[in-house]
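S.K.: The numbering of the sequence shown is the UniProt record's numbering, which starts it at 1 and goes up by one. The C-beta atom is built at its ideal place from N, Cα and C for all residues, glycine as well.
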Amino acid sequence: MLAYIWAEASNHVIGQNGKLPWHLPDDMQFFKDQTINHQILAGKRTYDSFGRPLPKRKNLVLTHFPQSDFPAGVKVFKTIDEFLQYAKGYPNEVIFVVGGTSVFKELLPYVDYLYRTSINHEFNGDVRMIDIDYSQFELEQQVPGKVDKNNVYPHTFDVFKRKK
Ligand SMILES: NC(=O)c1ccc[n+]([C@@H]2O[C@H](COP(=O)([O-])OP(=O)(O)OC[C@H]3O[C@@H](n4cnc5c(N)ncnc54)[C@H](OP(=O)(O)O)[C@@H]3O)[C@@H](O)[C@H]2O)c1
């Protein structure tokens, strides 16, 4: 089962210069809470943005770079089909797809859940979230994020499930 997890600004920006455009520890904590002990799939640039394999998660990476370029424990896929074959081996597990855009675009027909953090603020950026037809999904959960001196942007955690 595949789930997307990402945070997007009100102008749909998700990245700037290979990083997140915002500092929002509440969302980082949400990301951690959801993905911990799960497998996560990242495109190469998103993987690089982490700076290291994320701990307590099996890190899967889509890239044309060879497996030998990555630390032990990281699993590399050269094509989406290779990843989809692998994912079939885990029918009872959620694999979190963490971006970026080409990965989100290519796996859209297969995704079951969407974990979207909507940040109520516009940011400059060079990467935007793909268009998603939300009429194919139903909102299962909507929780307001914490706003305080460390989390200055209002944000909402939404979880959508694909309609049957
Ligand atoms: N706000 C969020 O929630 C969020 C989430 C994710 C990412 N981001 C941001 O978005 C930016 C990175 O995303 P991005 O869209 O630029 O890049 P990306 O999708 O993470 O990485 C692109 C790379 O992934 C590999 N790749 C993608 N599809 C592939 C396929 N079908 N087969 C083989 N390899 C494939 C290729 O790597 P090779 O060139 O190595 O072959 C490609 O150059 C960063 O700024 C990051 O911080 C934000």
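Can you give me the C-alpha to C-alpha distance between residue 107 and residue 141, rounded to a whole angstrom?
M.R.: By one-based count along the sequence shown, residue 107 stands at place 107. By one-based count along the sequence shown, residue 141 stands at place 141. Each residue's alpha carbon lies about 22 Å from the other.
S.K.: Reducing DSSP to helix, strand and coil, say where residue 25 ends up.
M.R.: For the purposes of this step, residue 25 is identified with residue 25 of the sequence shown, where counting begins at 1. It is helical.
S.K.: What did DSSP end up calling residue 7 once you bin it into helix, strand or coil?
M.R.: Taking the first residue of the sequence shown as position 1, residue 7 is located at position 7. If DSSP states are grouped into helix, strand and coil, residue 7 belongs with the strands.
S.K.: Would you please state the rounded distance, in angstroms, between the beta carbons of residue 72 and residue 2? I believe it to be under 8 Å.
M.R.: Your numbering for residue 72 matches position 72 in the sequence shown. Your numbering for residue 2 matches position 2 in the sequence shown. Wrong, their Cβ atoms sit about 25 Å apart, outside the cutoff.
S.K.: Give the range of the beta strand (DSSP E) segment to which residue 156 is assigned.
M.R.: Translated into positions along the sequence shown, residue 156 becomes position 156. Start and end: 155–162.
S.K.: How should residue 148 be labelled, buried or exposed, when 16 other C-beta atoms within 10 angstroms of its C-beta is the threshold for buried?
M.R.: Here residue 148 corresponds to residue number 148 of the sequence shown, with the count starting at 1. Exposed, since its Cβ has fewer than 16 Cβ neighbours within 10 Å.
S.K.: Residue 9 and residue 123: beta carbons closer than 8 Å?
M.R.: As a first step, residue 9 must be located in the sequence shown, where it is residue number 9. As a first step, residue 123 must be located in the sequence shown, where it is residue number 123. Yes, Cβ-Cβ distance for residue 9 and residue 123 is below 8 Å.
S.K.: Looking only at its own chain, which residues have a Cβ that is under 7 Å from the Cβ of residue 165, when we skip the five neighbours before and after it?
M.R.: Residue 165 lies beyond the stretch modelled for the chain, which goes from 1 to 164, so this question has no answer here.
S.K.: Please determine, among 52, 49 and 38, the residue with the shortest C-alpha to C-alpha distance to residue 58.
M.R.: Counted from its first residue, the sequence shown places residue 58 at position 58. Taking only the C-alpha atoms, the option nearest residue 58 is 38.
S.K.: Just to confirm, does residue 93 get its C-beta within under 7 Å of one of the non-hydrogen atoms of ligand 1?
M.R.: As a first step, residue 93 must be located in the sequence shown, where it is residue number 93. Checking the Cβ of residue 93 against ligand 1 gives no.
S.K.: From the DSSP output, which residues share a beta bridge with residue 114?
M.R.: For the purposes of this step, residue 114 is taken as the residue at position 114 of the sequence shown. Its beta-bridge partners are 4 and 160.
S.K.: Would the beta-carbon of residue 49 be found less than 7 Å away from any heavy atom of ligand 1?
M.R.: Taking the first residue of the sequence shown as 1, we reach residue 49 at position 49. Yes.
S.K.: Pick from 155, 132 and 161: whose alpha carbon is nearest that of residue 26?
M.R.: As a position in the sequence shown, residue 26 is number 26, starting the count at 1. Checked all of 155, 132 and 161; the closest Cα to residue 26 is 155.
S.K.: Given a cut-off of 8 Å, decide if residue 158 and residue 128 are closer than it, judged by their beta-carbon atoms.
M.R.: Taking the first residue of the sequence shown as 1, we reach residue 128 at position 128. Taking the first residue of the sequence shown as 1, we reach residue 158 at position 158. Cβ distance not < 8 Å, so residue 128 and residue 158 don't count as in contact.
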